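Trainee: Each residue of the sequence shown is one higher than the one before, starting from 1 at the first, in the UniProt record's numbering.
Note that beta-carbon positions come from the ideal geometry of N, C-alpha and C, so glycine has one too.
For clarity, every value in this text was computed on a predicted model and none was experimentally measured.
Got a structure for you, written out below as structure tokens; questions coming shortly.
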Amino acid sequence: MTPPQRVYLDTSILMALLSKEPESERVLQWLGGRQWPELLVSPWVHAELASALAVKQRMRQLSPAKARHAWEEGRALLANIPSVDITPADFDTAATLCADARARLRAPDALHLAVAARSGCQALATLDADMQKAARKLGLPPIAF
1 MTPPQRVYLD
11 TSILMALLSK
21 EPESERVLQW
31 LGGRQWPELL
41 VSPWVHAELA
51 SALAVKQRMR
61 QLSPAKARHA
71 WEEGRALLAN
81 IPSVDITPAD
91 FDTAATLCAD
101 ARARLRAPDA
111 LHLAVAARSG
121 CQALATLDAD
131 MQKAARKLGL
141 PPIAF
């Protein structure tokens, strides 16, 4: 099977890289062994990453210093990953995805899916089970971790 050429990264992957998560080791192995040339994100990842790190800090899962360090590492990492702009049509697609209550998607996740599908990604890297299920329905296979 030919590996996907363009993979969209969800914020959950970045969090697993930047903070201790149950899936961190698998994500690191996957990233180190990837065989595709292009990873993509959207600008929304920056806001989600900052928010997720702040939540971990408020829950005392990260010290302020570690949260700051993870944010700096995240910004450096994101500077090396191409970012696809979000369009008004992406918000419409995300709204349509969210309207299906069975999909159990939150708006931020639906927005990631809309951008990934529009930008020609062949796969989605996420640790979110609901997002993985919705991605399959869009013809966007999730990476197995």
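Can you name the start and end residues of the beta strand (DSSP E) that residue 147 belongs to?
Mentor: Because the chain in this structure spans residues 1 to 145, residue 147 falls outside the shown range and cannot be described.
Trainee: For the beta strand (DSSP E) containing Glu-38, list its first residue and its last residue.
Mentor: Position 38 of the sequence shown, counted from the start, is the residue given in the question as residue 38. Element bounds for Glu-38: 38-40.
Trainee: Report the residue from Ile-86, His-46, Ser-19 whose alpha carbon sits nearest the alpha carbon of Arg-60.
Mentor: Your numbering for residue 60 matches position 60 in the sequence shown. The candidate whose alpha carbon is nearest that of Arg-60 is Ser-19.
Trainee: Put Leu-140 into one of helix, strand or coil per three-state DSSP.
Mentor: For the purposes of this step, residue 140 is taken as the residue at position 140 of the sequence shown. Looking at Leu-140 - three-state DSSP - the assignment turns out to be coil, as it is neither helix nor strand.
Trainee: Should Asp-85 go down as buried or exposed, given a rule of 16 or more other Cβ atoms within 10 Å for buried?
Mentor: Translated into the one-based positions of the sequence shown, residue 85 becomes position 85. Around the beta-carbon of Asp-85, fewer than 16 other beta-carbon atoms lie within 10 Å, marking it exposed.
Trainee: By a C-beta neighbour count over all protein chains shown, 10 Å radius and 16 as the cutoff for buried, is Gln-132 buried or exposed?
Mentor: Start at 1 with the first residue of the sequence shown, and residue 132 comes out as number 132. Buried: at least 16 other Cβ atoms inside 10 Å.
Trainee: Find the nearest neighbour of Pro-43 within the set Arg-102, Val-27, Asn-80, judged by alpha-carbon distance.
Mentor: Stepping through the sequence shown from its first residue, residue 43 is reached at position 43. Comparing Cα positions, the closest option is Asn-80.
Trainee: Should Trp-71 and Ala-47 be called a contact, given that it needs their Cβ atoms to be closer than 8 Å?
Mentor: Sequence index remark: in the sequence shown, residue 71 carries index 71 (1-based). Sequence index remark: in the sequence shown, residue 47 carries index 47 (1-based). Result no, Cβ atoms of Trp-71 and Ala-47 do not sit closer than 8 Å.
Trainee: Kindly indicate the opening and closing residues of the beta strand (DSSP E) around Arg-58.
Mentor: The residue you call residue 58 lines up with position 58 of the sequence shown. Unbroken run through Arg-58 is the alpha helix (DSSP H), 44-58; no beta strand (DSSP E).
Trainee: Once DSSP output is grouped into helix, strand and coil, what is the label at Leu-127?
Mentor: If you number the sequence shown from 1, residue 127 lands on position 127. Coil.
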